[in-house]
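Here is the structure we will look at, set down as structure tokens.
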Amino acid sequence: MTIIWTGLALGSLYAVAALLYNVTIATAGVFSFAAAQYLMVGAFIAFFVQDNGLPILLAVPIGAVVGGVLGWLTELAAIRPLKDRTGWAPLVTTVGAGVVLQGLAFAIWGSEPRPVHAVFHGGSINALGGRLQVTDLAMILLGVVLCFGVHLLHTRSPWGLMGRAMTADAVAAAVRGVNTRRLVSGSFVVAGALGGAVGIFVAPKTGAVFSLGSTLVVYAFAALTAGGFGSYVGCWVGGIVIGLVQAHTERYAGSQYPLLVVFALLLVVLLLKPTGLFGDRRIRLV
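Numbering (this note's numbering), first residue to last: 10 to 295.
Below, the structure written as structure tokens:
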């Protein structure tokens, strides 16, 4: 059972990272490769707060503000100048934005991982016949709350309904009064704020390191693709599946095989259901 808990914690981490990508996809139809870097920024903010002897929970509002500003700057610099150009352009420019954020983190903090203490202390507990770290339990709960909470916002709130209208047909949404430019910008702000705020919960497991975003992007993209673009429930399910597969592969086959097995599984899923398990056919990436 311990290995299942480990897989659930890993999967929840990937689900949260996938959610950050999905915010701009489901709301604005834009895939931003810079999204996972907001988690990296949040992790370093948690380290900064801890290193200066401040209450560690201050990292949540500070991370949300800094991440939100970085999200807005990403949209301003990498998306807005494209003037509705489609194709590969948004992918290339957001990759560039992510590289800039990663480079800044390297220039400021260097390449060595910085340890961040867990918000919730308590070591490990016995759960259903296995050992579960308290930090892993926090990660699992965070994944559930975020993925299903944002799913409710996406399906019930005016913001979510406008986003669904825009991804279905941006021109028709604009004609009906949706401020599409503000919606795109807002989706980047939300993704940045969420990533910056939850970095404090990710950092104790991964450490604050400049390559965190690049490390997460592969598994997060696999989780998002398997679960389905545009679906927050899909983010969670895809993340959990990827995490469990990784944990079991590392245990029984070795640490060099998880990525191979994950992408083999992803290929099977896409062959059987090209939109992913919960994918929305209306989503059109720009």
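Every residue gets a Cβ at the ideal spot worked out from N, C-alpha and C, and that includes glycine. Computed from a prediction, not measured in an experiment: that's the story for all the values here.
{"query": "Residue nearest to residue 188 in terms of C-alpha spacing, selected from 37, 25, 23 and 79", "result": "37"}
{"query": "Cβ contact check for the segment 201 to 220 and the segment 241 to 258: 3 or more pairs under 8 Å", "result": "no"}
{"query": "Meets three-Cβ-pair contact criterion under 8 Å: the segment 169 to 180 and the segment 95 to 112", "result": "no"}
{"query": "Own chain partners of residue 22 with C-beta closer than 8 Å, once the 5 adjacent residues on each side are dropped", "result": "148, 152, 211, 214, 215, 225, 248 and 252"}
{"query": "Cβ neighbours of residue 193 in the same chain (closer than 6 Å, five flanking residues each side left out)", "result": "37"}
{"query": "Three-state secondary structure (DSSP) of residue 135", "result": "strand"}
{"query": "Residue 141 - partner residues in DSSP beta bridges", "result": "134"}
{"query": "Distance between residue 223 and residue 63 (C-alpha atoms, nearest Å)", "result": "28 Å"}
{"query": "Per-residue burial, residue 267 [other beta carbons within 10 Å of its own, 16 or more giving buried]", "result": "buried"}
{"query": "For residue 123: DSSP bridge partner residues", "result": "217"}
{"query": "Residue nearest to residue 51 in terms of C-alpha spacing, selected from 143, 281, 200 and 235", "result": "200"}
{"query": "Extent of the continuous alpha helix (DSSP H) run through residue 274", "result": "267 to 281"}
{"query": "Inside the segment 29 to 106 only - alpha helix (DSSP H) runs reaching at least 4 residues", "result": "44 to 60 and 68 to 83"}
{"query": "C-alpha gap between residue 24 and residue 186, whole angstroms", "result": "33 Å"}
{"query": "Whole-angstrom distance between residue 79 and residue 3, CA atom to CA atom", "result": "Because the chain here runs from 10 to 295, residue 3 falls outside it and cannot be looked at."}
{"query": "Straight-line Cα distance separating residue 269 from residue 126", "result": "32 Å"}
{"query": "When 117, 19 and 61 are compared against residue 245, the one with the closest alpha-carbon", "result": "19"}
{"query": "Beta-carbon contacts of residue 230 that lie in its chain and below 6 Å, excluding the five residues immediately before and after", "result": "none"}
{"query": "8 Å contact criterion, which residue 83 and residue 41 should meet: CB distance rounded", "result": "7 Å"}
{"query": "Check whether residue 29 and residue 204 have beta carbons under 8 Å apart", "result": "yes"}
{"query": "Residue burial classification, residue 197 (beta-carbon count within 10 angstroms, cutoff 16)", "result": "buried"}
{"query": "Alpha-carbon spacing of residue 81 relative to residue 195, whole angstroms", "result": "7 Å"}
{"query": "For residue 196, three-class secondary structure by DSSP", "result": "helix"}
{"query": "Range of the contiguous alpha helix (DSSP H) that encloses residue 176", "result": "167 to 177"}
{"query": "Inter-residue Cα distance where the pair is residue 114 and residue 75", "result": "14 Å"}
{"query": "Coil, strand or helix - residue 185 by DSSP", "result": "coil"}
{"query": "Residue 116 burial status per 10 Å Cβ neighbour count (16 or more: buried)", "result": "exposed"}
{"query": "Start and end residues, alpha helix (DSSP H) containing residue 253", "result": "241 to 261"}
{"query": "Proximity winner among 184, 221, 122 and 69, relative to residue 110 (alpha-carbon distances)", "result": "221"}
{"query": "Residues of its chain near residue 46, where Cβ-Cβ distance is below 7 Å and the 5 sequence neighbours each way are ignored", "result": "107, 110, 111 and 222"}
{"query": "Residue 170 to residue 157 span [Cα, whole Å]", "result": "16 Å"}
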